[in-house]
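A.B. asks: Quick one: structure below, then a few questions.
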Amino acid sequence: MTSEPALIDVIIVNYNARGLLARSVHCLSQQSFTNFRAIIVDNGSIDNSLTQLPTLDSRFSILRLGENTGFAKGNNIGIAQGTAPWIACLNPDAFADTHWLETLYEHAIADPDIVMAGSTQISAEDTDLLDGAGDLYAPIGFAWRGLYHRPIAKLPPNGEVFGPCAAAALYRRDAFEAVGGFDEDFFCYHEDVDLAFRLRLMGGKAVQVQGAIVHHVGSGIAGTESPFAVYHGTRNRSWTFVKNMPLVPLVLLLPFHIGLSLLFLLRALVKRRFSPTGRGICDAMAGFGTVWKKRQQIQASRTASTWALLAAMTWSPVRFLSRDADVRTKTSIKLPKP
């Protein structure tokens, strides 16, 4: 440990994570990179997750909010408590390998254009499977976690990606604050894709780091494809598209976004998820007035060209349908030598 000012503020937003939180915090305490401060933001948990925590050293603090403010606002509150030049978001169901933070930081500072860095997420339940290798974004307004539940042998090398999954990601504070942080109206789900989109609109880039490894339970708290997750994912997906896509591609691609949303609704009927999907679509439309006001501010301040933004997206329908990764090794950003 060091008495120097922290280089990284690590934020863990907890909500009834049970013993998962204790394991996540223990793994963080064992990092080879020690110059960090960790803030555990508790969103009004009613379980015993906080009492199960190991003895914390001086780098760790707990902020009790008393209510469930959501992942987005919880992170913003925690981030506001710190001053470190870099911010790491870590889920309470993500367990970092010893060199996770060191490796992530080393790659993030390799190029001034890099404002976000993503981790290799391995399934905590089956270590032969990936939990994700970066967030990808199709121009019709649909995002996915690359290589979710695909064999670990498919893991791509270091390279540029649209954005990181915020379950285990690093952000440069000045860029994060310049775009206003996470959108608190999202509550949770898709908020990291929205943030990555806004950072890219300001010219920022993201690197996916193969050697920065966490083992992730994946919806270990909300539940995989639970009505809660389906609702927020559906609503926030459309908000992200309408809020951030530049005008010309928005107009041209909106019919495809609507069409695919309707296909998702039909699919939800078959999978008995019609109610949360339908509510998500309806509430997305009901919120478009507020979203459009945000859009006007975002588009007025963006610095990246439309072409540069579209080039960062994944256009291949094969990659989209197969939920493949799209980590680009041929990129303008500089990366450390292996």
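Under the numbering used here, the first residue of the sequence shown carries the number 22, and numbering increases by one thereafter.
The beta carbon of each residue, even a glycine, is placed where N, CA and C say it ideally should be.
Every value quoted in this text rests on a predicted model; they were computed, and no experiment measured them.
Less than 7 Å between C-beta atoms, sequence neighbours within five positions excluded: which residues of the same chain meet that for Arg219?
C.D. replies: Residue mapping note: residue 219 aligns to position 198 of the sequence shown, counting from 1. Residues of the same chain with a CB within less than 7 Å of the CB of Arg219, apart from the 5 flanking positions on each side, are Val200, Asn265 and Ile319 in chain order.
A.B. asks: Kindly identify the DSSP beta-bridge partner or partners of Leu111.
C.D. replies: In the sequence shown, residue 111 corresponds to position 90, counting from 1. Ala189, per the DSSP bridge assignment.
A.B. asks: Quick test of your reading: Ile60 and Gln102, contact by CB under 8 Å. State the CB separation rounded to the nearest angstrom.
C.D. replies: Along the sequence shown, one-based indexing puts residue 60 at 39. Along the sequence shown, one-based indexing puts residue 102 at 81. Confirmed, about 5 Å.
A.B. asks: Just to confirm before moving on: does the CB-CB distance between Ala189 and Val235 stay below 7 Å?
C.D. replies: Taking the first residue of the sequence shown as 1, we reach residue 189 at position 168. Taking the first residue of the sequence shown as 1, we reach residue 235 at position 214. With respect to the 7 Å criterion, Ala189 and Val235 are classified as neighbours on the basis of their beta carbons.
A.B. asks: Assuming Leu168 and Leu125 form a contact by the criterion Cβ under 8 Å, report the distance between their Cβ atoms to the nearest whole angstrom.
C.D. replies: Taking the first residue of the sequence shown as position 1, residue 168 is located at position 147. Taking the first residue of the sequence shown as position 1, residue 125 is located at position 104. The pair is not a contact, with the Cβ atoms about 18 Å apart (cut-off 8 Å).
A.B. asks: Cβ of His211 within 7 Å of Cβ of Thr261?
C.D. replies: What you label residue 211 is simply residue 190 of the sequence shown in a count that begins at 1. What you label residue 261 is simply residue 240 of the sequence shown in a count that begins at 1. Yes, Cβ-Cβ distance for His211 and Thr261 is below 7 Å.
A.B. asks: Relative to the alpha-carbon of Ala109, which residue among Pro26, Phe208, Ala187 and Leu283 has its alpha-carbon at the smallest distance?
C.D. replies: Reading the sequence shown from its first residue, position 88 is the one you call residue 109. For the residues Pro26, Phe208, Ala187 and Leu283, the minimum Cα distance to Ala109 belongs to Ala187.
A.B. asks: Is the number of C-beta pairs between the stretch 150 to 161 and the stretch 66 to 85 that are closer than 8 Å three or more?
C.D. replies: no
A.B. asks: When DSSP builds the beta bridges, which residues end up paired with Leu84?
C.D. replies: In the sequence shown, the residue the question calls residue 84 occupies position 63. Answer is Val62.
A.B. asks: Looking at Pro178 and Gln231, is the spacing between their C-beta atoms short of 7 Å?
C.D. replies: Stepping through the sequence shown from its first residue, residue 231 is reached at position 210. Stepping through the sequence shown from its first residue, residue 178 is reached at position 157. Going by C-beta atoms, Gln231 is nearer than 7 Å to Pro178.
A.B. asks: Return the bridge partner residues of Ile17 from the DSSP annotation.
C.D. replies: Because the chain is modelled from 22 through 359, residue 17 falls outside the range shown and cannot be assessed.
A.B. asks: Below 8 Å on the Cβ atoms is my guess for Cys48 versus Ala129; work out the distance and round it to an integer in Å.
C.D. replies: In the sequence shown, residue 48 corresponds to position 27, counting from 1. In the sequence shown, residue 129 corresponds to position 108, counting from 1. Between Ala129 and Cys48 the Cβ distance is about 20 Å, and since that is not below 8 Å, they are no contact.
A.B. asks: Does DSSP classify Asp152 as helix, strand or coil?
C.D. replies: Stepping through the sequence shown from its first residue, residue 152 is reached at position 131. Secondary structure at Asp152: strand, using DSSP grouped into helix, strand and coil.
A.B. asks: With a threshold of 8 Å on Cβ separation, who are the neighbours of Leu86 within its own chain once the five nearest residues in sequence on each side are excluded?
C.D. replies: In the sequence shown, residue 86 corresponds to position 65, counting from 1. Excluding sequence neighbours, Leu86 sits near Val62, Asp63, Asn64, Gly65, Gly95 and Ile98.
A.B. asks: Could you compute how far the alpha carbon of Pro133 sits from the alpha carbon of Thr72?
C.D. replies: Residue mapping note: residue 133 aligns to position 112 of the sequence shown, counting from 1. Residue mapping note: residue 72 aligns to position 51 of the sequence shown, counting from 1. Separation of Pro133 and Thr72 (C-alpha to C-alpha, rounded to the nearest whole angstrom) is 41 Å.
A.B. asks: Going by C-alpha distance, which of Ser337, Ala196 and Ser259 is nearest Arg316?
C.D. replies: One-based indexing of the sequence shown puts residue 316 at position 295. Distance check between Arg316 and each of Ser337, Ala196 and Ser259 places Ser259 closest, using alpha-carbon atoms only.
A.B. asks: How many angstroms separate the CA atom of Leu74 from the CA atom of Val291?
C.D. replies: Stepping through the sequence shown from its first residue, residue 74 is reached at position 53. Stepping through the sequence shown from its first residue, residue 291 is reached at position 270. If I take the Cα positions, the gap works out to 42 Å.
A.B. asks: What does the alpha-carbon distance come out to for the pair Asn89 and Thr352?
C.D. replies: Mapped onto the sequence shown, residue 89 falls at position 68. Mapped onto the sequence shown, residue 352 falls at position 331. Those two C-alpha atoms are separated by around 40 Å.
A.B. asks: How many Å lie between Val228 and Thr119 at the Cα?
C.D. replies: Here the question's residue 228 lines up with position 207 in the sequence shown. Here the question's residue 119 lines up with position 98 in the sequence shown. Val228 and Thr119: Cα-Cα distance of roughly 20 Å.
A.B. asks: Taking only runs that begin and end inside the stretch 116 to 155, name each unbroken alpha helix (DSSP H) of 4 or more residues, in chain order.
C.D. replies: 121 to 129
A.B. asks: Keeping to the same chain, check which residues put their C-beta closer than 6 Å to that of Phe207; ignore five residues upstream and five downstream.
C.D. replies: Position 186 of the sequence shown, counting from 1, holds the residue named residue 207. Ala93 and Asn257.
A.B. asks: Among residues of its own chain, excluding the 5 on either side of Ser70, which ones have a beta-carbon nearer than 7 Å to its beta-carbon?
C.D. replies: For the purposes of this step, residue 70 is taken as residue 49 along the sequence shown, with counting starting at 1. For Ser70, where only same-chain residues beyond five positions count, the Cβ hits under 7 Å are Asn35, Asn37, Ala38, Arg39 and Leu42.
A.B. asks: Let me make sure I understand the geometry here. Which of Asp156, Val339 and Thr327 has the alpha-carbon closest to that of Val214?
C.D. replies: For the purposes of this step, residue 214 is identified with residue 193 of the sequence shown, where counting begins at 1. Ranking the options by Cα distance to Val214, first place goes to Asp156.
A.B. asks: According to DSSP, Ala164 sits in a beta bridge with which residue or residues?
C.D. replies: Taking the first residue of the sequence shown as 1, we reach residue 164 at position 143. Bridge partners of Ala164: Tyr158.
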